[in-house]
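Participant: Dumping the structure here so I can ask a few things about it.
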Amino acid sequence: MSFEQWMAAITTHGAMIAATSTDDLGVPVPSCPEWTAADLISHVGAVHRWAKARIVGDDSVQSYADFPTPPAEELTDWYRGGLRGLVEALGTRDPDTAAPTFVGERTVGWWARRQAHELTVHRWDLESAIRPGTQKAVDAELSADGIEEWLEVFAPRFLSRSGGVPQHLHGATLHIHTHDEPVGEWLVELSADGLTWSREHMKADVALRGSAFDLLLTLWHRRPLSAVDTVGDAGVAAELLDLIHVT
Numbered sequence: 001m002s003f004e005q006w007m008a009a010i011t012t013h014g015a016m017i018a019a020t021s022t023d024d025l026g027v028p029v030p031s032c033p034e035w036t037a038a039d040l041i042s043h044v045g046a047v048h049r050w051a052k053a054r055i056v057g058d059d060s061v062q063s064y065a066d067f068p069t070p071p072a073e074e075l076t077d078w079y080r081g082g083l084r085g086l087v088e089a090l091g092t093r094d095p096d097t098a099a100p101t102f103v104g105e106r107t108v109g110w111w112a113r114r115q116a117h118e119l120t121v122h123r124w125d126l127e128s129a130i131r132p133g134t135q136k137a138v139d140a141e142l143s144a145d146g147i148e149e150w151l152e153v154f155a156p157r158f159l160s161r162s163g164g165v166p167q168h169l170h171g172a173t174l175h176i177h178t179h180d181e182p183v184g185e186w187l188v189e190l191s192a193d194g195l196t197w198s199r200e201h202m203k204a205d206v207a208l209r210g211s212a213f214d215l216l217l218t219l220w221h222r223r224p225l226s227a228v229d230t231v232g233d234a235g236v237a238a239e240l241l242d243l244i245h246v247t
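First residue of the sequence shown: 1, per the UniProt record's numbering; consecutive thereafter.
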């Protein structure tokens, strides 16, 4: 995907979050247990500010936890300020410029991609809480890119945190297959060295099939494994997803 597409996603989904009514801030968010809508907005607003700090080279900020939550009556304005600052920082820099991230040095474009997917998933979380049943899907191309980001960034990161791939899963394979256009296919292989993946069609121990957005939500634990078609050893998929649990 292009930098411009990620920026469009940030603007669109960020605006949806910014439009949250103060009356809805206390609503629980089922897909993020123990969070209310206010907690979610505070989290995303802090992440925007943290990302901006990494993009502009502000070393005084170490974590998104450095940003305290404002009072409820100020929260949406505070969120809009964080979104605006992020968009300005991204929009005034070359996407290929080096920038530090939580997985080592990457680029400004890397942060645009990360924030785009941060917003698409958390916007869905918020809509699920406030207007259940009316959540807007994300287009197949952006969703497929989110699946690849999960494979590139979060799967290896969380497997490493959990002590690596359990020995009984060494050699196990997973095939992820979207059925909408553009079709996306990924083969995931597990070993003592971790997780590797490639874009290809190949028979695996288990295959997950569905729309790109349903698959993305399943990988992010927003929907159960039963929300997509599973062919083969569902236990392999379930155990792998249990090891990679991102809020």
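Positions of the beta carbon are idealized from the N, C-alpha and C atoms, including for glycine.
If you count every other CB in all the chains shown that lies within 10 Å of the CB of V183, and 16 or more means buried, which is it?
Facilitator: The residue you call residue 183 lines up with position 183 of the sequence shown. Exposed is the call here.
Participant: If you draw a straight line from the alpha carbon of V236 to that of S160, how long is it in whole angstroms?
Facilitator: Mapped onto the sequence shown, residue 236 falls at position 236. Mapped onto the sequence shown, residue 160 falls at position 160. Looking at the two C-alpha atoms, the distance is approximately 18 Å.
Participant: If you follow the beta strand (DSSP E) that L238 is part of, which residue opens it and which one closes it?
Facilitator: Taking the first residue of the sequence shown as position 1, residue 238 is located at position 238. Inspection of the sequence shows that residue 238 is occupied by Ala rather than by Leu. Per DSSP, A238 belongs to no beta strand (DSSP E); it is in the alpha helix (DSSP H), A234 to L243.
Participant: Who are the Cβ neighbours of G26 in its own chain at under 6 Å, not counting the five residues just before and after it?
Facilitator: Counted from its first residue, the sequence shown places residue 26 at position 26. Around G26: T36.
Participant: Nearest CA to the CA of H9: which residue from W186, K136 and S198?
Facilitator: Residue mapping note: residue 9 aligns to position 9 of the sequence shown, counting from 1. According to the sequence provided, residue 9 is Ala. The question's His does not apply to it. When only C-alpha atoms are compared, the closest one is K136.
Participant: Compare the C-alpha of A38 against each of S31, A51 and D24 and name the closest.
Facilitator: Here residue 38 refers to the residue found at position 38 when the sequence shown is read from its first residue. The option with the nearest alpha carbon to A38 is D24.
Participant: Buried or exposed: where does residue 264 fall if 16 or more other Cβ atoms within 10 Å of its Cβ makes it buried?
Facilitator: Since the displayed the chain opens at 1 and closes at 247, residue 264 lies outside it and no answer follows.
Participant: Helix, strand or coil for S143? Go by DSSP, reduced to three states.
Facilitator: The residue labelled residue 143 in the question sits at position 143 within the sequence shown. In the structure shown, S143 sits in a helix (DSSP, three-state: H, G or I).
Participant: What does I130 pair with, by DSSP beta-bridge criteria?
Facilitator: By one-based count along the sequence shown, residue 130 stands at place 130. According to DSSP, which records beta bridges pairwise, I130 is partnered with nothing at all.
Participant: With distance defined between alpha-carbon atoms, name the residue in L142, E181 and S226 nearest to T7.
Facilitator: Counted from its first residue, the sequence shown places residue 7 at position 7. It is Met, not Thr, that sits at residue 7 in the sequence shown. M7 has its Cα closest to that of L142, out of L142, E181 and S226.
Participant: Could you give the distance in angstroms between the alpha-carbon of T178 and the alpha-carbon of S191?
Facilitator: Your numbering for residue 178 matches position 178 in the sequence shown. Your numbering for residue 191 matches position 191 in the sequence shown. Spanning the two alpha carbons is a distance of roughly 24 Å.
Participant: Should the stretch 109–122 be called in touch with the stretch 72–80, which here means at least 3 C-beta pairs below 8 Å?
Facilitator: no
Participant: Go through the UniProt domain "MDMPI C-terminal" (141–238) residue by residue and report every complete run of the beta strand (DSSP E) that reaches 3 residues or more, in order.
Facilitator: Whole beta strand (DSSP E) segments, 3+ residues: 173–178, 185–191, 194–198, 206–210 and 229–232.
Participant: Check whether the stretch 57–76 and the stretch 86–95 touch, using three or more Cβ-Cβ pairs below 8 Å as the test.
Facilitator: no
Participant: Please go through the same chain and pick out, in chain order, the residues whose beta-carbon is closer than 6 Å to the beta-carbon of I130, but skip the five residues on each side of it.
Facilitator: Mapped onto the sequence shown, residue 130 falls at position 130. Counting only Cβ-Cβ distances below 6 Å, and skipping sequence neighbours, we find D24 and V27.
Participant: Taking all protein chains shown into account, do 16 or more other C-beta atoms lie within 10 angstroms of the C-beta of E149, making it buried, or fewer, making it exposed?
Facilitator: Within the sequence shown, numbered from 1, the residue matching residue 149 stands at position 149. With 16 or more Cβ atoms within 10 Å of its Cβ, E149 is classed as buried.
Participant: Which of the three DSSP states is assigned to F3 in this structure?
Facilitator: Locating residue 3 in the sequence shown gives position 3, where the first residue counts as 1. DSSP places F3 in helix when its eight states are reduced to three.
Participant: Along the chain, which unbroken stretches of the alpha helix (DSSP H) at least 4 residues long are found entirely within the stretch 83–113?
Facilitator: none
Participant: Per DSSP, what kind of secondary structure is T120 in: helix, strand or coil?
Facilitator: As a first step, residue 120 is located in the sequence shown; it is residue number 120 there, counting from the start. Three-state DSSP puts T120 in a helix.
Participant: Under a three-way DSSP split, which group does T36 fall into?
Facilitator: Taking the sequence shown and counting its residues from 1, one reaches residue 36 at position 36. It is a strand residue.
Participant: List the whole-angstrom C-beta distance separating V206 from E118, where the pair is believed to meet the contact cut-off of C-beta under 8 Å.
Facilitator: Translated into positions along the sequence shown, residue 206 becomes position 206. Translated into positions along the sequence shown, residue 118 becomes position 118. Going by Cβ atoms, the distance from V206 to E118 rounds to 28 Å, so no, they are not a contact pair.
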